[in-house]
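Encoded as structure tokens, the structure appears first; notes follow it.
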Amino acid sequence: MTVRLKWTVEHRCGHQVVHDLSGRPADRRAGFARWLAGTDCSDCWKAARDTDSESKEQWLAAKRAEEQQAAAQWAARFDMPPLEGPERALDWGERSRHQLMAAAHTALVIEGTWDEADWAELEEKARTVTIAGWWIDQRDVEGADLLELLDAATDNDRGSENPYQ
């Protein structure tokens, strides 16, 4: 007598589904059927996943809108110039600039040794970089590195790390 290949499983969601378990070794079919009983059926799982992804998309859109508003208010308050570049990069660039400048202020002024005069100098350099793509490219750097990056971007670089130049 062979171990059955098709198992009728009542899922956690209450639906009964016939599963073909012929692709599993005979000694693992019963255990897998038991595991399936503790899960939702495929249709219910997909419906829940789709609902979750919609709510995640809504949450992300709301978060981006909130970040965008904060970045715009910050740029207006500190007289940051508008960024240039492709339309789809402008908002992202503004958010990236705001986040990087906030991280730099925290690292250099609040937790570091900079005074307001040092920070004002960095802000002036930041105002000269108006390419949205540059700010997007720097979005993952440490805030403490911003001065060096701005020096490189504004041709005030004090040299190169390349020993062959």
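Its first residue numbered 1, the sequence shown is counted upward by one per residue in the numbering used here. Ideal placement from N, C-alpha and C gives every residue a C-beta, glycine not left out.
Contact check, residue i vs residue j under 8 angstroms by CB: the rounded distance?
i, j, result
"Val-129", "Thr-154", "7 angstroms"
"Ala-126", "Met-101", "6 angstroms"
How many Å lie between residue i and residue j at the Cα?
i, j, result
"Trp-150", "Arg-12", "According to the sequence displayed, residue 150 carries Leu and not Trp. Leu-150 and Arg-12: Cα-Cα distance of roughly 57 angstroms."
"Thr-2", "Lys-63", "56 angstroms"
"Leu-72", "Ala-48", "Residue identity differs from the one stated: residue 72 is Ala in this sequence, not Leu. Cα to Cα, Ala-72 sits roughly 36 angstroms from Ala-48."
"Gln-16", "Val-9", "6 angstroms"
"Ala-152", "Trp-135", "13 angstroms"
"Cys-44", "Ala-104", "47 angstroms"
"Gly-14", "Glu-66", "41 angstroms"
"Leu-90", "Leu-83", "6 angstroms"
"Lys-56", "Ala-117", "42 angstroms"
"Glu-148", "Asp-115", "17 angstroms"
"Ile-110", "Ala-144", "11 angstroms"
"Ala-70", "Phe-78", "12 angstroms"
"Ser-53", "Leu-60", "10 angstroms"
"Ser-22", "Ala-37", "17 angstroms"
"Arg-28", "Arg-34", "10 angstroms"
"Ala-171", "His-98", "Because the chain in this structure spans residues 1 to 165, residue 171 falls outside the shown range and cannot be described."
"Gln-68", "Asp-50", "27 angstroms"
"Ser-42", "Ala-30", "19 angstroms"
Got a sec? Which residues, its chain only, sit under 7 angstroms from residue i by beta carbon, not counting five neighbours each side?
i, result
"Ala-26", "Val-3"
"Gly-85", "Gly-93, Ile-131, Ala-132, Gly-133"
"Arg-24", "Phe-32"
"Glu-123", "Phe-78"
"Leu-5", "Asp-20, Leu-21, Ser-22"
Return yes when the C-beta of residue i is under 7 angstroms from any heavy atom of the ligand FMN, and no when it is not.
i, result
"Asp-155", "No copy of the ligand FMN appears in this structure; indeed no ligand is present at all."
Any beta-carbon of chain C closer than 8 angstroms to the one on residue i?
i, result
"Glu-10", "In the displayed structure, chain C is absent; only one protein chain is listed."
Apart from the five residues on each side of it in sequence, which residues of its chain come closer than 6 angstroms, Cβ to Cβ, to residue i?
i, result
"Ala-107", "Gly-143, Ala-144"
Who are the near neighbours of residue i in its chain, counting only those whose CB is closer than 8 angstroms to its CB and skipping five residues on each side?
i, result
"Arg-139", "Ser-96, Gln-99, Leu-100"
Every unbroken alpha helix (DSSP H) within the stretch 34-83, with a cutoff of 4 residues, ordered by chain:
42-77
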